[in-house]
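Every position in the sequence shown, counted from 1, becomes a number in my numbering once 1 is added. For glycine and all other residues, C-beta sits at the position ideal for the given N, C-alpha and C. This report concerns only the one structure given below.
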Amino acid sequence: MRLTNFSDYTLRMLMFAASAGDQLFTIEETARAFGVSKTHLNKVANTLTRAGYLVAVRGRSGGLKLGRRPEDIRIGDVIRLTEPDFALVECFATGNQCTITRFCKLSTMLHDALSSFQSTLDRYTLADIALKPTDFLGDTSRA
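Structure below.
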């Protein structure tokens, strides 16, 4: 299983936001720190803002900041927000055409694995994975 780039960028943006504390940060700063397209991060920021994980401050000196305390942002919740589905195999998805679904024992094992994956992520918060501003080597403006 592999998370989408969108989920990866979402977690990175939240880590960057946590490192900023109460200071505003911009999408441009985040893009520079990670070497990622501003266009991709705009989409991430919109999703995080709509979900209340970030707050957008408009205006000339505007930017973004965390909308919740890092301790209140569960990683599992973020991943469920950003991943399009967890259909690991065909029988997990709508429109399943697999001919052995009624007899297959694979789906039970994979459901267990997926549940373990999600419950592990639920045990961690943004506070657990937060970094210091100096950890973002690509962004020398925050050192």
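CA-CA distance, residue i and residue j?
| i | j | result |
| --- | --- | --- |
| Gly63 | Phe26 | 8 Å |
| Gln98 | Asp23 | 51 Å |
| Leu42 | Tyr10 | 7 Å |
| Ser38 | Glu29 | 9 Å |
| Ala46 | Thr109 | 36 Å |
| Ala18 | Asn6 | 18 Å |
| Ala114 | Pro85 | 18 Å |
| Thr135 | Arg13 | 15 Å |
| Leu107 | Lys133 | 42 Å |
| Thr48 | Arg59 | 16 Å |
| Gly53 | Arg81 | 14 Å |
| Asp140 | Ser117 | Per-residue confidence for Asp140 stands at a pLDDT of 49, beneath the threshold of 50, marking its modelled position as unreliable; no derived number is given. |
| Ala131 | Phe137 | 11 Å |
| Gly36 | Lys44 | 16 Å |
Does the Cβ of residue i have 16 or more other Cβ atoms within 10 Å, making it buried, or fewer, making it exposed?
| i | result |
| --- | --- |
| Val90 | exposed |
| Ala34 | buried |
| Arg3 | exposed |
| Phe146 | In the structure displayed, the chain extends from 2 to 144; residue 146 sits before or after that span and is not available. |
| Leu15 | buried |
| Thr102 | exposed |
| Thr40 | exposed |
If you run the structure through DSSP and keep just helix, strand and coil, what is residue i?
| i | result |
| --- | --- |
| Leu12 | helix |
| Thr1 | The requested residue 1 does not occur in the structure, where the chain is confined to residues 2 to 144. |
| Ala57 | strand |
| Gly68 | coil |
| Thr100 | coil |
| Phe26 | strand |
| Thr126 | strand |
| Arg81 | helix |
Does the beta-carbon distance from residue i to residue j come in below 9 Å?
| i | j | result |
| --- | --- | --- |
| Thr83 | Ser8 | yes |
| Leu65 | Val56 | yes |
| Ile74 | Leu122 | no |
| Gln119 | Phe93 | no |
Item to complete: Taking 8 Å as the threshold, find out whether the stretch 62 to 71 comes into contact with the stretch 124 to 136 through three or more Cβ pairs.
Response: yes
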